[in-house]
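A.B. asks: Got a structure for you, written out below as structure tokens; questions coming shortly.
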Amino acid sequence: MSHTTEPPAPCCPPLTERPFTAEESERAARMFKALGDPVRLRLFSSVASHEGGEACVCDISDVGVSQPTVSHHLKKLKEAGLLTSERRGTWVYYRVEPSALAAMGALLGAAGRPATP
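For the sequence shown, the numbering used here assigns the number 584 to the initial residue and increments by one for each residue that follows.
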């Protein structure tokens with residue numbers, strides 16, 4: 584049984600393209616706020632870099648906090664649209680939401696280049 588959330592809408596245009604709308608700012612802030620916590624960033628990078636593109640919670644929960652705290656942080660990452668999950672038996676497996684990763688990459692990818700006139 585899958586416990587995934589609906590994929591998020593594309594976040595925002597590249598920073599150098601135009602100013603964000605209020606809605607785009609909300610979406611981007613939600614993603615970056617979720618990643619602004621060191622434990623969440625560590626969990627997110629563990630899932631993203633795990634072999635096969637998915638990780639069992641049993642493989643990524645050693646981040647120096649209790650299991651309930653790990654669950655809380657994973658929930659926050661899911662709510663921000665950064666992760667999806669699927670329960671298999673007693674374990675939950677997490678994947679990075681590809682559209683969220685692509686949106687963040689597009690948003691930041693152009694940030695290092697000057698805007699075109």
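Every residue, glycine too, gets a C-beta built ideally from N, C-alpha and C.
1. Using CA coordinates, which residue listed in A663, S628, A686 and K616 is at the minimum distance from S646?
2. What is the residue span of the beta strand (DSSP E) that A663 lies within?
3. State the start and end residues of the unbroken alpha helix (DSSP H) segment that holds V622.
4. So what's E680 in DSSP terms, helix, strand or just coil?
5. Classify L691 as buried or exposed, calling it buried when 16 or more other Cβ atoms lie within 10 Å of its own Cβ.
6. Buried or exposed for E634, please, with buried defined as at least 16 other CB atoms from any protein chain shown within 10 angstroms of its CB.
C.D. replies: Short version:
1. Inspection of the sequence shows that residue 646 is occupied by Val rather than by Ser. Nearest option by C-alpha distance: S628.
2. Looking at the DSSP string, A663 is not in any beta strand (DSSP E), and its letter there is neither H nor E.
3. P621 to S632
4. coil
5. Classification for L691: exposed.
6. Under a 10 Å Cβ-count criterion, E634 is classified as exposed, with fewer than 16 other Cβ atoms of the shown protein chains found around its own Cβ.
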